[in-house]
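Enquirer: First residue of the sequence shown? That's 9 in my numbering, and the numbers climb one at a time after it. All C-beta atoms in this analysis are idealised placements derived from N, C-alpha and C, irrespective of residue type, glycine included.
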Amino acid sequence: MNLIPADSTLSIAPSSRATSERPAAKNSESTPKSDSGAAHAAGASNAVPAGVASVTLLNNKLTEYLTPSEMKKVKEAYRFSDEMHLGQIRKSGEPYISHPIAVAEICADWKLDAQAIMAALLHDVMEDQDVKKEELIERFGAPVATLVDGLSKLDKIEFQSQIEAQAENFRKMLLAMARDVRVILVKLADRLHNMRTLGFMAPEKKRRIARETMEVYVPIAHRLGLNNIYRELQDLAFSHLYPVRYKTLSKAVKAARGNRREVVSKILDSVKNTLAATGIHAQVYGREKTLYGIYRKMRNKHLSFSQVLDVYGFRIVVDSFANCYVALGTLHALYKPMPGKFKDYIAIPKLNGYQSLHTTLIGPYGTPVEFQIRTGEMHRVAEAGVAAHWLYKDDEASLTDLQQRTHAWLQSLLDIQKQTGDSAEFLEHVKVDLFPDSVYVFTPKSKIIALPRGATVLDFAYTIHTAIGDQAIAARVNHEHAALRAELRNGDIVEIVTAPSSRPSPNWLTFVRTGKARSAIRHHLRTINLAESTELGRRLLAQALSAIDIDPLLPNGLIEKLLNESSARSLEELYADIGVGKRMATLVARHIRGMMESDATSPLPPLATENGSGKLDPVVIYGNEGAAVHLAQCCLPIPGDGIAGQLKRDQGITVHSTDCDTAKRQQTKEPDRWIELDWGAELSRRFDCRIKILVDNEKGVLARVAAEIGESDANITYVGMDDDRDHLMKQLRFTIQVEDRIHLARLIRNVRRIPGVARIVRERA
9 MNLIPADSTL SIAPSSRATS ERPAAKNSES TPKSDSGAAH AAGASNAVPA
59 GVASVTLLNN KLTEYLTPSE MKKVKEAYRF SDEMHLGQIR KSGEPYISHP
109 IAVAEICADW KLDAQAIMAA LLHDVMEDQD VKKEELIERF GAPVATLVDG
159 LSKLDKIEFQ SQIEAQAENF RKMLLAMARD VRVILVKLAD RLHNMRTLGF
209 MAPEKKRRIA RETMEVYVPI AHRLGLNNIY RELQDLAFSH LYPVRYKTLS
259 KAVKAARGNR REVVSKILDS VKNTLAATGI HAQVYGREKT LYGIYRKMRN
309 KHLSFSQVLD VYGFRIVVDS FANCYVALGT LHALYKPMPG KFKDYIAIPK
359 LNGYQSLHTT LIGPYGTPVE FQIRTGEMHR VAEAGVAAHW LYKDDEASLT
409 DLQQRTHAWL QSLLDIQKQT GDSAEFLEHV KVDLFPDSVY VFTPKSKIIA
459 LPRGATVLDF AYTIHTAIGD QAIAARVNHE HAALRAELRN GDIVEIVTAP
509 SSRPSPNWLT FVRTGKARSA IRHHLRTINL AESTELGRRL LAQALSAIDI
559 DPLLPNGLIE KLLNESSARS LEELYADIGV GKRMATLVAR HIRGMMESDA
609 TSPLPPLATE NGSGKLDPVV IYGNEGAAVH LAQCCLPIPG DGIAGQLKRD
659 QGITVHSTDC DTAKRQQTKE PDRWIELDWG AELSRRFDCR IKILVDNEKG
709 VLARVAAEIG ESDANITYVG MDDDRDHLMK QLRFTIQVED RIHLARLIRN
759 VRRIPGVARI VRERA
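1) Kindly identify the DSSP beta-bridge partner or partners of Y448.
2) For my contact list, P508 and Q551 are in at a C-beta cut-off of 8 angstroms; report their separation, rounded to the angstrom.
3) Assuming the contact rule is C-beta atoms closer than 8 angstroms, I324 and A335 should be a hit. Round their C-beta distance to whole Å, please.
4) Shortest alpha-carbon distance to R598 belongs to which of V765, S554, V520?
5) From Y250 to P211, what does the alpha carbon distance come to, in whole angstroms?
6) Tell me whether F329 is buried or exposed, calling it buried when 16 or more other Cβ atoms sit within 10 Å of its Cβ.
7) Compute the beta-carbon to beta-carbon distance between V485 and V465, rounded to the nearest angstrom, for a pair I have assumed lies under 8 angstroms.
8) Since P108 and D132 should fall inside the 8 angstroms C-beta cutoff, what is the C-beta to C-beta distance between them, to a whole number of angstroms?
9) Identify which residue in K99, M737, W516, S454 has its Cα closest to the Cα of Y470.
10) Just the C-alpha distance for L234 and P626, rounded to the nearest angstrom, thanks.
11) In or out: D704 buried (at least 16 other Cβ within 10 Å) or exposed?
12) Among residues of its own chain, excluding the 5 on either side of E690, which ones have a beta-carbon nearer than 8 angstroms to its beta-carbon?
13) Closer than 6 angstroms by C-beta to R274: which residues in its own chain qualify, once you throw out the five before and the five after it? Chain order, please.
14) Roughly how many whole angstroms lie between the Cα atoms of P460 and E385?
15) Alpha carbons only, please: which of L365, P345, K344 is nearest the one belonging to D352?
16) Report the option in T368, A711, E543 whose CA atom is closest to the CA atom of P347.
17) Exposed or buried, what is D667 when buried is set at 16 or more other beta-carbons lying within 10 Å of its beta-carbon?
18) Tell me which same chain residues have a C-beta within less than 8 angstroms of the C-beta of A494, skipping the five on either side of it?
19) Looking at the structure shown, is P108 part of a helix, part of a strand, or coil, going by DSSP?
20) So is M134 buried or exposed if we call it buried at 16+ other beta carbons inside 10 Å?
21) Apart from the five residues on each side of it in sequence, which residues of its chain come closer than 8 angstroms, Cβ to Cβ, to Q242?
22) Scan the segment 294-362 and note each continuous beta strand (DSSP E) run of 3 residues or more that stays entirely inside, going in chain order.
23) If you follow the alpha helix (DSSP H) that H248 is part of, which residue opens it and which one closes it?
24) Whole angstroms are fine: how far does the CA of L311 sit from the CA of H751?
25) Three or more C-beta pairs closer than 8 angstroms, one from the segment 498-505 and one from the segment 447-458: is that the case here?
26) Mapping DSSP to helix, strand and coil, what is Y376?
27) Going along the chain, which residues of its own chain have a beta-carbon closer than 8 angstroms to the beta-carbon of I600, five neighbours each way excluded?
28) Could you check the C-alpha separation between G321 and V272 for me, to the nearest Å?
29) Considering Cα atoms alone, identify which of V279, E581, L655, V194 is closest to L155.
30) Relative to the C-alpha of R219, which candidate in A245, R199, P679 has its C-alpha closest?
31) Rounded to a whole number of angstroms, what is the C-alpha to C-alpha distance between K69 and P76?
32) Exposed or buried, what is I217 when buried is set at 16 or more other beta-carbons lying within 10 Å of its beta-carbon?
33) R199 lies in the alpha helix (DSSP H); which residues open and close that run?
34) Taking the beta strand (DSSP E) that L740 falls in, what are its first and last residues?
35) Looking only at C-alpha atoms, which of S100, V769, Q654, Q675 sits nearest to R591?
36) State the DSSP-derived secondary structure class of V63, mapped to helix, strand or coil.
See below:
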């Protein structure tokens with residue numbers, strides 16, 4: 009059944025009913041949707057005359073694969089969307105309904121099912137026209153309504169900042185995508201059409217939308233293998249972010265086409281003739297690299313345009329898997345391959361399912377030429393990714409290999425969500441996993457694991473299972489011992505060593521790379537050490553309140569108002585957030601004072617600090633706070649040292665000595681995150697300290713030094729040895745456990761008296 013007669017168009021005229029019964033379209037700057045066609049209410053004095061919108065092309069595409077009953081449902085969705093958007097026009101002057109039609113056309117190119125096409129046509133009615141989800145369920149069924157809801161923004165919620173609103177909107181969209189991948193396919197189609205028509209927007213909004221596209225939507229398109237969309241979104245975003253660079257580069261490429269046409273023709277003819285002589289049936293064609301791809305290569309490698317020789321590449325599509333490798337051998341016989349420039353993505357596909365052989369050859373005139381060799385099936389997946397064989401199924405066993413990999417990634421989004429505290433953190437974790445570059449490593453049973461470039465042994469452990477990551481203590485990489493922070497390389501065989509007593513450390517966050525690892529570690533630090541973090545946060549807030557003359561025992565009414573405004577569910581949760589560095593105690597205290605001033609019948613005391621000195625009371629550290637307080641490895645402070653604390657997100661307080669060079673640099677960058685600390689009077693533990701001893705290179709000296717350290721009532725946890733330049737001396741390095749500076753000074757005096765010891769000093773990183 010046709011949506012409308014094939015030769016007709018729909019005239020969209022202003023409608024008083026549409027503008028009176030439904031609210032005018034929104035144009036919020038605080039949400040991530042690009043709104044390149046943000047509507048104006050019809051009838052306004054400055055309205056652009058309405059145009060026409062045709063569904064002929066969409067109708068033709070859908071009739072190729074949808075049944076008559078499905079076409080009838082799509083027709084109903086179209087009519088409803090047309091009615092809801094009646095009277096709205098885009099900034100280009102087109103009727104607003106032209107946008108949902110265009111989005112549906114892109115989805116139809118992927119052969120998405122009827123429900124997804126209906127969602128594409130309806131994707132703006134909830135957000136722009138205040139249509140309720142219940143109404144969509146009643147008219148079109150729960151699956152369509154859920155898709156539309158996943159595509160809609162959260163305009164009804166008030167956020168503290170545009171960044172928070174944007175993060176929460178992305179979080180909602182990505183979680184909806186994790187449950188149903190059609191959400192992101194429709195969203196990408198929506199973003200693509202908005203980017204194609206972005207020229208009508210204000211310059212600042214164009215840049216914001218283009219940057220958002222480059223940072224989030226481009227990586228998602230790449231991760232799902234939608235390479236056509238990926239490349240077009242890249243170029244469109246590039247053209248709006250850097251319009252002058254785009255125009256300059258575009259002119260240069262057009263000028264170069266004529267100069268390089270002879271080279272391209274010669275290579276095409278040679279390759280076609282050689283493959284035909286070998287008996288390989290293949291399609292061979294040249295392809296021009298995208299402008300953004302050329303620009304990125306120029307920027308990353310500091311090249312001028314004239315130095316970028318491989319503006320053109322060549323693609324060979326053969327008829328069978330085996331002929332990919334036969335064609336590769338044929339090409340290598342025709343032109344000399346460049347060493348180190350061959351990649352086999354057929355044997356080990358990319359994360360997004362991409363498969364091809366890549367090789368770079370020295371072509372005519374000494375120019376490097378890149379070739380991609382693949383089958384027709386691989387080509388379809390390379391261009392359309394997860395949408396190449398669209399078949400929406402609930403049964404995981406019936407999914408293709410690509411769909412299973414996509415399903416696994418989407419499932420990991422749900423895992424990250426369960427362990428993540430807020431929207432900004434969730435988006436941070438997801439962005440980490442969207443980087444396209446990957447390394448491929450193996451389990452001891454030869455299973456291939458793909459990880460982001462720069463991933464460590466600990467990332468591998470968390471990829472296998474969260475419990476393995478939590479209990480990891482070391483690893484064997486290629487059958488040799490390796491640390492958890494060791495960076496993995498392509499082809500490594502990795503085996504994790506675990507211990508039931510091992511637990512995640514805040515220090516792990518400094519070297520893990522994947523979103524799953526970061527969220528799991530942060531989740532553990534938040535939950536396992538909750539009591540410690542809560543107590544520390546209570547002390548920090550009490551100190552900050554006292555410093556501005558407010559009693560830390562807050563009245564119940566003020567606590568309730570504070571919790572409502574901070575989105576914390578309880579006072580303990582607020583304390584825990586402060587204790588792990590997620591909130592700043594001084595800012596919370598000043599916010600409390602502001603609430604008290606607005607409610608007070610009499611003025612509060614002047615804003616003050618202790619004794620008018622401008623300094624807060626130091627927070628007392630006892631050494632038994634657990635993971636909420638940990639000592640910086642760069643300086644390893646001990647009692648007796650002057651100390652300062654750095655509040656790190658989800659890591660609590662990191663304690664540095666006041667003369668630590670690292671601390672001084674970081675205090676300059678983030679002074680608001682530093683607080684004064686002091687050691688408690690009674691400390692119940694010993695503290696690590698590093699010492700460096702220069703000794704004569706003679707027999708028994710190490711034993712004598714170690715024995716004296718033991719006699720001085722210190723425990724040795726590490727010992728190492730470095731050769732001095734003249735080989736007459738040895739440099740010994742110890743990590744020892746002492747009570748305080750007095751204990752360390754006594755030990756140093758004792759060791760210095762040993763025959764053969766030339767020098768002993770406390771070592772700082």
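Expert: Walking through what the data contain:
1) A458
2) Their Cβ separation, rounded to whole angstroms, is 38 angstroms, which puts P508 and Q551 out of contact at 8 angstroms.
3) 6 angstroms
4) S554
5) 11 angstroms
6) F329 comes out exposed.
7) 7 angstroms
8) Distance from P108 to D132 at the Cβ level is roughly 6 angstroms; contact confirmed, criterion being Cβ atoms closer than 8 angstroms.
9) W516
10) Linking L234 to P626 through their CA atoms gives a straight-line distance of about 55 angstroms.
11) exposed
12) Y630
13) Reading the sequence as shown, one finds Lys at residue 274 and not Arg. If we look at K274 and ignore the five residues flanking it on each side, its Cβ neighbours are P372.
14) 26 angstroms
15) Out of L365, P345, K344, the CA that lies nearest to the CA of D352 is found in L365.
16) T368
17) Flag for D667 reads exposed.
18) T464, V465, A483, V485
19) helix
20) Looking at its Cβ environment, which holds 16 or more other Cβ atoms inside 10 Å, M134 is buried.
21) Excluding the 5 residues flanking it on each side, Q242 has same chain C-beta neighbours closer than 8 angstroms at M222, V226, T298, Y300, G301, in chain order.
22) 320-326, 344-352
23) Taken as a continuous stretch (DSSP letters only), the alpha helix (DSSP H) holding H248 covers 235-249.
24) 59 angstroms
25) Judged by Cβ distances under 8 angstroms, the segment 498-505 makes contact with the segment 447-458, as three or more pairs qualify.
26) For the sequence presented, residue 376 should be read as Pro rather than Tyr. DSSP places P376 in strand when its eight states are reduced to three.
27) Apart from sequence neighbours up to five positions away, the residues of its chain that approach I600 with a beta-carbon distance below 8 angstroms are L553, I558, L562, L566, L570, ordered along the chain.
28) 9 angstroms
29) V194
30) A245
31) 13 angstroms
32) I217 should be labelled buried.
33) 190-204
34) Going by DSSP, L740 is part of the beta strand (DSSP E) stretching over 737-746.
35) Q654
36) coil
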